[in-house]
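Novice:
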Amino acid sequence: MSDRRDIVGKPLAHDSARQHVTGAATYLDDMPEPGGCLHAALVKSPHAHARIVGIDASAALAAEGVVAFVTAEDIPGDNEVGPIFHGEPALAGEVADYVGCPVGAVIATSHDAAKRAADLVKIEWRDLPAILSIKAAIAAENWTSPPQRLVYGDPDDALANAQHILHGGLDIGGQDHFYLETNIAMATPLDGDQWHVWSSTQHPTEVQKHVALVLGVPQAAVTAEVRRMGGGFGGKESQPTIIACIAAICARKTRRPVKLRLDRDDDMIVTGKRHDFRADWDVGFDEHGAMTGLRVRLAARGGNVADLTSSVVTRAICHVTNCYYVPNVEATGICCKTNTVSNTAFRGFGGPQGMLVGEAIIDQIARHLALDRDDVRRANYYSPSRGLTTPYEQPVSDMIAYELMDKLNADADIAARRAQIATFNASHDTRKRGLATAPVMFGISFNMPSLNQGGALVHVYTDGSIQANHGGTEMGQGLYTKVAQVVAETFGVPASFVTPTSTRTDKVPNTSATAASSGSDLNGAAARNAALAIRARMAHVAANEWNVPEEAIDFRDGKITSGNYVISFGELATLCWLKRVSLSAAGFYSTPKIHWDQKRLKGHPFYYFAYGAAASEVEIDLLSGETRCLRTDIINDCGDSLNPALDMGQIEGGFVQGMGWLTMEELWWDTAGRLRTHAPSTYKIPGSRDAPADFRVHILENAPNREDTIFRSKAVGEPPLMLAISVWLAIRDAIAAVSGDDRALALHAPATPERVLMSVG
Ligand code: MTE
Ligand code: HPA
Ligand code: MOS
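Residue 7 is where the sequence shown starts when you use this note's numbering, and the numbers rise one by one after that.
1. Let's see if you can read the secondary structure: which residues bound the beta strand (DSSP E) around G666?
2. Where does W734 sit, in a helix, a strand or coil, going by DSSP?
3. Could you check whether the Cβ of G236 sits closer than 7 Å to any heavy atom belonging to the ligand MOS?
4. Alpha carbon to alpha carbon, how far is G222 from D512?
5. Between R424 and the ligand MOS, is the CB less than 7 Å from at least one heavy atom?
6. Considering Cα atoms alone, identify which of I252, T207, G237 is closest to L219.
7. Considering just the uninterrupted stretch of the beta strand (DSSP E) at P108, what are its terminal residues?
8. Write down the C-beta distance between L304 and P161 rounded to the nearest angstrom, noting that I regard them as a contact closer than 8 Å.
9. Verify whether the separation of the beta carbon atoms of N349 and G309 is less than 8 Å.
10. So, do the stretch 599-611 and the stretch 571-589 have three or more beta carbon pairs nearer to each other than 8 Å?
11. Count the other C-beta atoms from every protein chain shown that fall within 10 angstroms of the C-beta of R761, then say buried if there are 16 or more, exposed otherwise.
12. Identify the residues that DSSP records as bridge partners of A591: which are they?
13. Identify, in the order they occur along the chain, each residue of the same chain with its Cβ nearer than 6 Å to the Cβ of M7, setting aside the five sequence neighbours on each side.
14. Taking contact to mean at least 3 C-beta pairs separated by less than 8 Å, is the stretch 472-486 in contact with the stretch 496-505?
15. Do M274 and L681 have their beta-carbon atoms positioned less than 8 Å apart in this structure?
16. Would you grab the beta carbon distance between R307 and T277 for me? Rounded to a whole angstrom, and I think it's under 8 Å.
17. Which of helix, strand or coil does DSSP assign to D288?
18. Closer than 7 Å to a non-hydrogen atom of the ligand HPA - does that hold for the CB of S456?
19. Alpha carbons only, please: which of P726, P40, S151 is nearest the one belonging to V318?
20. Let me check understanding here. Comparing Cα to Cα, which of I731, D714, L628, A730 lies closest to A742?
21. Does the distance from the C-beta atom of D133 to that of A78 stay below 8 Å?
22. Between the Cα of F615 and the Cα atoms of C107, Q656, D527, F575, which residue gives the shortest distance?
23. By DSSP, does S524 sit in helix, in strand, or in coil?
24. Report all residues from its chain with a CB closer than 7 Å to the CB of D404; omit the five preceding and five following residues, and keep chain order.
25. Please return the same chain residues whose Cβ sits closer than 6 Å to the Cβ of E336, not counting the five positions on each side in sequence.
26. By Cβ distance below 7 Å, which residues in the same chain neighbour D747 in space, the five residues on each side in sequence not counted?
27. Is K438 helix, strand or coil by DSSP?
28. Measuring only the C-alpha atoms, how far is F75 from A63?
29. Can you tell which of T327, D380, A592 has its C-alpha closest to the C-alpha of L394?
30. Just to confirm my understanding: we take T778, look at its own chain, exclude 5 residues before and 5 after, and list those with CB closer than 6 Å. What are they?
31. Nearest to I323 by CA position, among Q459, A533, A285, is which residue?
32. So, are the CB atoms of P726 and G618 less than 8 Å apart?
33. Specify the secondary structure class of Q359 as computed by DSSP and reduced to three states.
34. Given 7 Å as the limit, tell me if Q200 has its C-beta closer than that to any heavy atom belonging to the ligand MOS.
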């Protein structure tokens, strides 16, 4: 690959930036509805666990505008939406197993009529015992999938002989995705039992597959499509499948197009969130804080069904040691089955929870030995002398976390600011400050090797315009723009020549979710392969025309040249057409080097690691418990960034979303299993004023990926979220300044004002 880069690496604006800010971008609910389109509303279980004794929909059916009512009995095929395991229904059949569980849908001529009538459906229930918490699930040994266990070295021996040993525990709260666009789908019957489904999904293939299953038709009879989502954040990896399947069941019943849009409350009640976790550990270490042995149990609240929980827990296990070498490790992961909504993917996918535990352990060791946290980290980093093998036995060959941390400590003037903070704290009674750093080392690739494949379909038209289709979806992260840059670079044309189109399962089949931050790695590489195939054919035609070798043909600035010969890209495309040469190609990519043994939790699950480092300074108000982040410095490793403007947005957005998770977003269920924080009135996400007042974000320069990724870039979607661990640690430091280390260590997550207030007494 030539080193020249004309378009890749440039800070181009998001291809929809103008539409986003002017409100012109069409989301699914903005699209013109097909003639005769009906609207569905969910009928939900009010019980955490109950048997359905009888359903009486007569009042709902008699209501104005109502056309039909569906239950599981109306499903012609399999009532199955499970992404990994079987046995996960779209509509509950006999038993509902969380509050909000969809048991039916009312179909009416308007959204409001459907919503009103849904309340008129009468269901007779028989209550069953419910398990709501991680603790209760552990007591009952109630799992969504079997416990996972990783052993590296001899943890028993290491802990028995450790110079120091500490025990600890941490409760980590979940998080609602709070994407601006709630879940929505629109299913349309086509000729001959074929179906088209618009879905706000990160995973069109999964929608296609399960709509085909519930309707009892071949996958080939279903096309799923998505142009853009108003945010996904992992919440649209598996959850939209349920919504799309219910819309399809309604469309099948009425033989008309049906749209199902959840309002905010329903979206929060019905669909899964980030897993809350309980972690418990024993850690052995020496006088420098170097860990010699770690035993850790990570218990996640899975909810009513397995969904993606087993993979989330695996990723948590793989990130609990973050960027540190621990010679002896036993890590257990538990997927608790509870009568609460099924938790799911959320930016970081268990990595954040695992890493927070790792950093809490470092913090505990540092406070115990009265050492600087960064010195304890230095005693533990992966290094040639200490060790370069992860507990899951992947060699670490690209470790730069300590370099980033050293640079951050210098650039952000950490030592001097610590002294200033000590002075500030000594002279202020009702406000205290804290300053903390945090490194991030995040494994890139889906932790199921089979998912690491991407596909693309590129068309060049005779006017020289190019359509770039690929299996990835656009949720605001800028994937369409990055892929367009890759395609433009490959053809040597301006990015404006390339038109990204909606993602459709009939253009690119059998795709993976756009997830695990690997959208541009997989689809960018697949699109490059497709474009290279077409470019080779075009070069061949030009070489024949000019009677020059193909190697002498150059594609640049929208022109094709060789010596004195010049032809525009469009003219060459027309020439290819005249010569009956195909201007269309499918491209494919599969990630090399990866393998994984899910039974032993050993292998090489990640193609490479993405790194970052952050330092955050916070101030807590001892009277209200409120926290403000005064300043954050970040250095993030994006490899050779495909687009620094988009990557900057990902770093800032990911960090602030992580801050929300760790400081203010609190999900709260009552003792009957009802989520009581199901609207912005009770669930607080960060706003623009919550971002660090002084926010200094840097992309690490001259740091190409050592692996041969697309233009040597690195994935950026998820890793920056974990940089917010610096904020949580800084709050602990501020608490320690008033109430001492023990109170600081007792701070769980999120560090809400209530928790901070209780910590400072
Ligand atoms: N950025 C925006 N604006 N909106 C999103 O929904 N999702 C995040 C991240 N950044 C998200 C986002 C998550 S969870 C992932 S996995 C990646 O984007 C997915 O896109 P990528 O693989 O193309 O980076
Ligand atoms: N990330 C996101 N989704 C996934 C993963 C992952 O690592 N593994 C399986 N599904
Ligand atoms: Mo992101 S949680 O992998 O969709």
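The beta-carbon is built from N, C-alpha and C at its ideal position, and this holds for glycine as well. Predicted model only: the values in this text are computed from it and were never measured.
Specialist: Taking the coordinates as given:
1. As a position in the sequence shown, residue 666 is number 660, starting the count at 1. No beta strand (DSSP E) holds G666; the alpha helix (DSSP H) holding it covers 650-669.
2. Your numbering for residue 734 matches position 728 in the sequence shown. Residue state, collapsed to three classes: helix.
3. Against the sequence shown, residue 236 aligns to sequence position 230. Relative to the ligand MOS, the beta carbon of G236 is positioned no closer than 7 Å to any heavy atom.
4. Position 216 of the sequence shown, counted from the start, is the residue given in the question as residue 222. Position 506 of the sequence shown, counted from the start, is the residue given in the question as residue 512. Their backbone Cα atoms lie some 19 Å apart in a straight line.
5. Locating residue 424 in the sequence shown gives position 418, where the first residue counts as 1. Result no, Cβ not under 7 Å from the ligand MOS.
6. Numbered from its first residue, the sequence shown carries residue 219 at position 213. Across the set I252, T207, G237, the C-alpha of I252 shows the shortest separation from the C-alpha of L219.
7. As a first step, residue 108 is located in the sequence shown; it is residue number 102 there, counting from the start. Residues 108-114.
8. Taking the first residue of the sequence shown as position 1, residue 304 is located at position 298. Taking the first residue of the sequence shown as position 1, residue 161 is located at position 155. 15 Å between Cβ atoms; not a contact.
9. Sequence index remark: in the sequence shown, residue 349 carries index 343 (1-based). Sequence index remark: in the sequence shown, residue 309 carries index 303 (1-based). Yes, these two residues count as a Cβ contact at 8 Å.
10. With fewer than three CB-CB distances shorter than 8 Å, the stretch 599-611 does not count as touching the stretch 571-589.
11. What you label residue 761 is simply residue 755 of the sequence shown in a count that begins at 1. Buried, by the Cβ-count rule.
12. As a working mapping, residue 591 is identified with position 585 in the sequence shown. Residue pairing by DSSP places A591 opposite V464 in a beta bridge.
13. Residue 7 sits at position 1 when you count from the first residue of the sequence shown. Here M7 scores only 43 on pLDDT, less than 50, and its place in the model should not be relied on; the value that follows carries that caveat. Here the set comprises nothing.
14. Judged by Cβ distances under 8 Å, the stretch 472-486 makes contact with the stretch 496-505, as three or more pairs qualify.
15. For this step, residue 681 is matched to residue 675 along the sequence shown. For this step, residue 274 is matched to residue 268 along the sequence shown. At the C-beta level, L681 and M274 come within 8 Å of one another.
16. As a first step, residue 307 must be located in the sequence shown, where it is residue number 301. As a first step, residue 277 must be located in the sequence shown, where it is residue number 271. No, R307 and T277 are not in contact; Cβ-Cβ is about 15 Å, not under 8 Å.
17. Residue 288 sits at position 282 when you count from the first residue of the sequence shown. Looking at D288 - three-state DSSP - the assignment turns out to be strand.
18. To locate residue 456, count along the sequence shown from 1; it is residue 450. Answer for S456: no, Cβ out of range of the ligand HPA.
19. In the sequence shown, residue 318 corresponds to position 312, counting from 1. The residue with the shortest Cα to Cα distance from V318 is S151.
20. Along the sequence shown, read from residue 1 onward, the residue named residue 742 stands at position 736. Its Cα nearest to that of A742, the residue L628 stands out among I731, D714, L628, A730.
21. For the purposes of this step, residue 133 is identified with residue 127 of the sequence shown, where counting begins at 1. For the purposes of this step, residue 78 is identified with residue 72 of the sequence shown, where counting begins at 1. In terms of Cβ geometry, D133 and A78 do not form a close pair [threshold 8 Å].
22. The sequence position of residue 615 within the sequence shown is 609, counting from 1. Taking only the C-alpha atoms, the option nearest F615 is D527.
23. The sequence position of residue 524 within the sequence shown is 518, counting from 1. In the structure shown, S524 adopts coil according to DSSP, grouped into three states.
24. Position 398 of the sequence shown, counted from the first residue, corresponds to residue 404. Excluding residues within five positions, the ones whose Cβ falls inside 7 Å are Y614, F615, R712.
25. On the sequence shown, position 330 is the one that residue 336 refers to. Closer than 6 Å at the Cβ level, and outside the excluded window around E336, lie V157, P161, R301.
26. As a first step, residue 747 is located in the sequence shown; it is residue number 741 there, counting from the start. So the qualifying residues of the chain are R373.
27. Walking along the sequence shown from the start, residue 438 turns up at place 432. K438 falls in the strand class under three-state DSSP.
28. Your numbering for residue 75 matches position 69 in the sequence shown. Your numbering for residue 63 matches position 57 in the sequence shown. Our two residues, F75 and A63, have alpha carbons roughly 7 Å apart in a direct line.
29. As a first step, residue 394 is located in the sequence shown; it is residue number 388 there, counting from the start. For L394, the nearest C-alpha among the options comes from T327.
30. Nothing in the structure corresponds to residue 778, since the chain is present only between 7 and 767.
31. For this step, residue 323 is matched to residue 317 along the sequence shown. It is A285.
32. What you label residue 726 is simply residue 720 of the sequence shown in a count that begins at 1. What you label residue 618 is simply residue 612 of the sequence shown in a count that begins at 1. Yes, these two residues count as a Cβ contact at 8 Å.
33. Position 353 of the sequence shown, counted from the first residue, corresponds to residue 359. Note: Q359 maps to helix in three-state DSSP.
34. Taking the sequence shown and counting its residues from 1, one reaches residue 200 at position 194. At a cut-off of 7 Å, the beta-carbon of Q200 does not count as near the ligand MOS: no heavy atom of the ligand is closer than that.
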